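Peer 1:
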Amino acid sequence: MNDWTRCKPLLPPGERSADALTPSLSWPQLLAMGVGAIIGTGILTLIGVGVDRAGPAVLVSFAIAGLVCACAALAYAELSAMMPAAGSAYSYSYAGLGEGFAWVVGWSLILEYSLVVSTVAVGWSGYASPLLMGIGFPQALTQGPELGGLINLPAVAIIAVVTGLLMLGTRESARINSVLVVVKIVTLLLFVGCTLPYFDAANFSPFMPYGYVSHVDGQGVQRGVMAAAAIIFFAFYGFDAISTAAEETKRPSRDLPIAIIGSMVVCTLIYMLVAAAAVGAVPFARFANSPEPLALILRSMNQDTIARIVATTAVVALPTVLLAFLFGQSRIFLAMARDGFLPQRLARISKRGTPTRITVVTAVIVAVLAGLLPIGKVAALANAGTLIAFIAVGACLLVLRRRAPDAPRPFRLRAAWLVGLGTIGGCLYLFLSLPIETLLWCLGWNVIGLLIYLGYGRHRSLLTRASAK
């Protein structure tokens with residue numbers, strides 16, 4: 012057994028525990044999961060925000076954000092192939108950095124996954140509620156208390172539907188996800204095809220009207236290529252959800268790196284293609300900061316039917332994001348339950364090979380967040396949690412290269428130190444670019460997490476109990 016495995020008790024090779032998940036996913040299904048998680052409302056809205064901050068140079072912003080995420084994706088690829096276990100960054104941190112760091116990362120991942128699911132569910136409700144109210148559905152049941160309603164029932168309902176799909180079986184939910192992902196990609200390519208005849212290179216001049224460095228202008232708005240990159244970054248994450256499916260992958264040493272890296276490449280190319288088509292079709296000032304920039308561009312070209320199709324796709328896109336992130340959060344909770352941080356009975360696997368109990372618990376948590384809490388005020392915390400996890404993964408890559416240089420690595424990076432430092436440095440810069448209010452909320456969240464760990468988690472963990480024997 013290698014030195015790095017001392018941080019966490021592992022089963023002998025080839026042995027499966029009673030709570031082991033059933034391998035059923037192939038790399039195309041994992042790739043679809045990653046693309047489904049990444050391509051959501053971000054591509055439909057953040058182009059408008061990006062061009063408002065950077066102008067036509069938003070293309071550079073997409074490239075920079077994609078490069079930072081690519082470094083993180085490469086780190087995930089090596090670690091997931093090396094340690095094919097549920098838990099993603101939490102499990103890697105446990106093996107590479109120790110129990111305390113693992114808790115902080117797992118606690119931070121709750122911000123990423125649970126808040127993303129809750130926020131996206133509320134966003135889906137925003138599209139569905141007008142249709143429901145048109146047939147007599149009470150408005151008070153479409154909004155949370157912070158907006159004067161009772162509960163956001165459509166948001167709770169879509170979480171329940173996606174939870175049902177996950178409980179039906181990993182393979183079955185993956186198939187449905189793959190179909191919806193194809194619909195999204197085809198729709199975005201339809202947008203590109205409709206706007207290319209209107210492409211005008213003059214719309215790219217001046218290319219960088221607000222400069223490269225992030226700065227606050229006279230209107231109090233943070234502008235520049237790097238300011239846009241710090242925002243656009245958040246349209247990329249979601250590929251890490253693939254690594255939480257490690258135990259359910261048929262050939263993890265091959266399939267996980269292909270899916271993680273492949274989803275990043277596919278989404279980066281699509282993002283840059285759509286951004287170039289959007290800026291080339293219409294002067295950027297016309298759709299800057301628009302909540303529906305792609306539909307607005309199409310309407311300006313009298314393509315009303317295609318605009319409605321793109322707007323409708325936003326509704327189709329959101330459930331795939333919910334599925335990927337709800338899947339990921341349940342697997343992280345599963346790993347934490349196995350380690351004793353949560354009640355271990357939650358880690359039991361159903362006859363269909365899915366962690367039914369922990370999936371239901373996860374769904375209840377995010378449904379409460381989506382249905383009752385002021386999600387708009389805390390959603391930015393998801394960004395902070397993601398960046399903390401990415402920084403930890405970059406650190407794990409470097410620590411394990413130093414502590415266990417001869418450990419088996421089915422997928423081995425050639426420039427591990429460059430990738431690791433790029434992940435840590437790029438994500439740290441973006442983390443510090445977050446609003447001060449978000450950083451303070453993040454600090455408070457982690458203080459609470461540390462208190463729970465010191466008062467409860469540390470004493471109940473399997474590692475502590477094993478050491479006491």
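Just so you know, the sequence shown maps onto residues 12 to 480 in my numbering. All C-beta atoms in this analysis are idealised placements derived from N, C-alpha and C, irrespective of residue type, glycine included. Note that the structure is predicted; figures quoted are calculated from it, not measured.
1. Taking 8 Å as the cut-off, decide whether the C-beta atoms of residue 260 and residue 251 are in contact.
2. Just the C-alpha distance for residue 461 and residue 418, rounded to the nearest angstrom, thanks.
3. At which residue ranges does the stretch 219–305 contain complete alpha helix (DSSP H) runs of 4 or more residues, listed in the order of the chain?
4. Which complete alpha helix (DSSP H) runs does the stretch 168–211 hold, if anything under 4 residues is left out?
5. Can you tell me the Cα-Cα spacing of residue 241 and residue 111, whole angstroms?
6. For residue 64, does the count of other Cβ atoms within 10 angstroms reach 16, so buried, or fall short, so exposed?
7. By the three-class DSSP mapping on this structure, what secondary structure does residue 163 have?
8. How many Å lie between residue 291 and residue 154 at the Cα?
9. Label residue 228 either buried or exposed according to how many other C-beta atoms from any shown protein chain fall within 10 Å of its C-beta, with 16 as the threshold for buried.
10. Report buried or exposed for residue 125, applying the criterion of at least 16 other Cβ atoms within 10 angstroms of its Cβ.
11. Rounded to the nearest angstrom, what separates residue 231 and residue 451 at their Cα positions?
12. Start and end of the alpha helix (DSSP H) containing residue 412?
13. Once the 5 residues before and after residue 96 are set aside, which same chain residues still bring their CB inside 8 Å of it?
14. What does DSSP give as the partner residues of residue 486 in its beta bridges?
15. Are residue 377 and residue 128 touching if we call contact CB-CB under 8 Å?
16. Let's test the definition: count the other Cβ atoms within 10 Å of the Cβ of residue 211 and tell me whether it reaches 16, buried, or not, exposed.
17. For the alpha helix (DSSP H) that contains residue 367, what are its first and last residues?
18. Count the other CB atoms within 10 Å of the CB of residue 368; is the residue buried (16 or more) or exposed (fewer)?
19. Given this structure, state the Cα-to-Cα distance separating residue 75 from residue 247, to the nearest angstrom.
20. Residue 195 and residue 402: beta carbons closer than 8 Å?
21. Restricting to Cα atoms, I'd like to know which of 205, 116, 163, 437 is closest to residue 315.
22. Here's the rule: buried if 16 or more other CB atoms are within 10 angstroms of the residue's CB, otherwise exposed. What is residue 394?
23. Whole angstroms are fine: how far does the CA of residue 298 sit from the CA of residue 411?
24. Output the distance between the C-alpha atoms of residue 360 and residue 366, rounded to the nearest integer angstrom.
25. Run through DSSP, which three-state label would residue 429 get?
26. Count the other CB atoms within 10 Å of the CB of residue 20; is the residue buried (16 or more) or exposed (fewer)?
27. For the stretch 112–167, list the alpha helix (DSSP H) runs that are entirely contained and at least 4 residues long, ordered along the chain.
28. How should residue 123 be labelled, buried or exposed, when 16 other C-beta atoms within 10 angstroms of its C-beta is the threshold for buried?
29. Using only the alpha-carbon positions, how far apart do residue 214 and residue 263 sit?
30. Counting only the same chain and skipping the five closest in sequence on each side, list residues whose C-beta sits under 7 Å from that of residue 90.
31. In chain order, what residues of the same chain have a beta carbon less than 8 Å from the beta carbon of residue 191, not counting five sequence neighbours either side?
32. Counting pairs of Cβ atoms below 8 Å between the stretch 161–168 and the stretch 128–137, do you hit three or more?
33. Judging by CA-CA distance, which residue of 289, 322, 318, 253 is the nearest neighbour of residue 85?
34. Which same chain residues, not among the five before or five after residue 424, have their C-beta less than 7 Å away from its C-beta?
35. When DSSP labels each residue in this structure, what does residue 28 get in the three-state scheme?
36. Grab the span of the alpha helix (DSSP H) containing residue 216 for me, first residue to last.
Peer 2: With the structure as the only source:
1. For the purposes of this step, residue 260 is taken as residue 249 along the sequence shown, with counting starting at 1. For the purposes of this step, residue 251 is taken as residue 240 along the sequence shown, with counting starting at 1. It is not a contact, given that the beta carbons lie outside the stated cut-off.
2. Translated into positions along the sequence shown, residue 461 becomes position 450. Translated into positions along the sequence shown, residue 418 becomes position 407. Straight-line Cα distance between these residues: approximately 31 Å.
3. Complete alpha helix (DSSP H) runs here, min 4: 236–243, 251–254, 263–292.
4. Listed in chain order, the complete alpha helix (DSSP H) runs (minimum 4 residues) inside the stretch 168–211 are 181–206.
5. Sequence index remark: in the sequence shown, residue 241 carries index 230 (1-based). Sequence index remark: in the sequence shown, residue 111 carries index 100 (1-based). Using only the alpha carbons, I get a separation of about 29 Å.
6. Start at 1 with the first residue of the sequence shown, and residue 64 comes out as number 53. Classification for residue 64: buried.
7. The residue you call residue 163 lines up with position 152 of the sequence shown. Residue state, collapsed to three classes: strand.
8. Locating residue 291 in the sequence shown gives position 280, where the first residue counts as 1. Locating residue 154 in the sequence shown gives position 143, where the first residue counts as 1. If I take the Cα positions, the gap works out to 38 Å.
9. Mapped onto the sequence shown, residue 228 falls at position 217. Classification of residue 228: exposed, given that the 10 Å Cβ count is below 16.
10. Sequence index remark: in the sequence shown, residue 125 carries index 114 (1-based). Buried, because 16 or more other Cβ atoms sit within 10 Å of the Cβ of residue 125.
11. Within the sequence shown, residue 231 is the residue found at index 220, counting from 1. Within the sequence shown, residue 451 is the residue found at index 440, counting from 1. Going by the C-alpha atoms only, they are around 21 Å apart.
12. Here residue 412 refers to the residue found at position 401 of the sequence shown. 392–414 is the span of the alpha helix (DSSP H), which, as asked, contains residue 412.
13. Here residue 96 corresponds to residue number 85 of the sequence shown, with the count starting at 1. Cβ neighbours of residue 96 beyond the five flanking positions: 102, 257, 258, 346.
14. Here the chain comprises residues numbered 12 to 480, so residue 486 is not present and cannot be evaluated.
15. By 1-based counting over the sequence shown, the position of residue 377 is 366. By 1-based counting over the sequence shown, the position of residue 128 is 117. Yes; because the gap between Cβ atoms is below 8 Å, this pair is in contact.
16. Here residue 211 refers to the residue found at position 200 when the sequence shown is read from its first residue. It counts as exposed.
17. Against the sequence shown, residue 367 aligns to sequence position 356. Looking at the DSSP string, the run of the alpha helix (DSSP H) that includes residue 367 is 367–383.
18. Position 357 of the sequence shown, counting from 1, holds the residue named residue 368. Buried.
19. Looking up residue 75 in the sequence shown gives position 64. Looking up residue 247 in the sequence shown gives position 236. When rounded, the distance between both Cα atoms is 11 Å.
20. Taking the sequence shown and counting its residues from 1, one reaches residue 195 at position 184. Taking the sequence shown and counting its residues from 1, one reaches residue 402 at position 391. No, Cβ-Cβ distance for residue 195 and residue 402 is not below 8 Å.
21. The residue given as residue 315 occupies position 304 in the sequence shown. When each option's Cα is compared against that of residue 315, the closest is 205.
22. Position 383 of the sequence shown, counted from the start, is the residue given in the question as residue 394. Residue 394 is buried by the Cβ-count criterion.
23. The sequence position of residue 411 within the sequence shown is 400, counting from 1. The sequence position of residue 298 within the sequence shown is 287, counting from 1. Those two C-alpha atoms are separated by around 46 Å.
24. Working through the sequence shown from its first residue, we reach residue 360 at position 349. Working through the sequence shown from its first residue, we reach residue 366 at position 355. Taking the straight line from one Cα to the other gives about 5 Å.
25. One-based indexing of the sequence shown puts residue 429 at position 418. DSSP places residue 429 in helix when its eight states are reduced to three.
26. Indexing the sequence shown from 1 puts residue 20 at position 9. For residue 20, the predicted model reports a pLDDT of 40, less than 50, meaning its position is unreliable and no value from the coordinates is stated.
27. none
28. Position 112 of the sequence shown holds residue 123. Buried, by the Cβ-count rule.
29. On the sequence shown, residue 214 is found 203 positions in, with the first residue counted as 1. On the sequence shown, residue 263 is found 252 positions in, with the first residue counted as 1. Taking the straight line from one Cα to the other gives about 45 Å.
30. Within the sequence shown, the letter at position 79 stands for residue 90. Around residue 90: 103, 404, 407, 408.
31. Along the sequence shown, one-based indexing puts residue 191 at 180. 47, 327, 328, 330, 331, listed in sequence order.
32. yes
33. Translated into positions along the sequence shown, residue 85 becomes position 74. Nearest of 289, 322, 318, 253 to residue 85, Cα basis: 253.
34. Your numbering for residue 424 matches position 413 in the sequence shown. Hits under 7 Å: 85, 89, 430.
35. Stepping through the sequence shown from its first residue, residue 28 is reached at position 17. Residue placement at residue 28 cannot be trusted, given a pLDDT of 47 that sits under 50; what the coordinates show is reported in the next sentence. Three-state DSSP puts residue 28 in coil, outside helix and strand.
36. For the purposes of this step, residue 216 is taken as the residue at position 205 of the sequence shown. Run containing residue 216: none; DSSP gives neither H nor E here.
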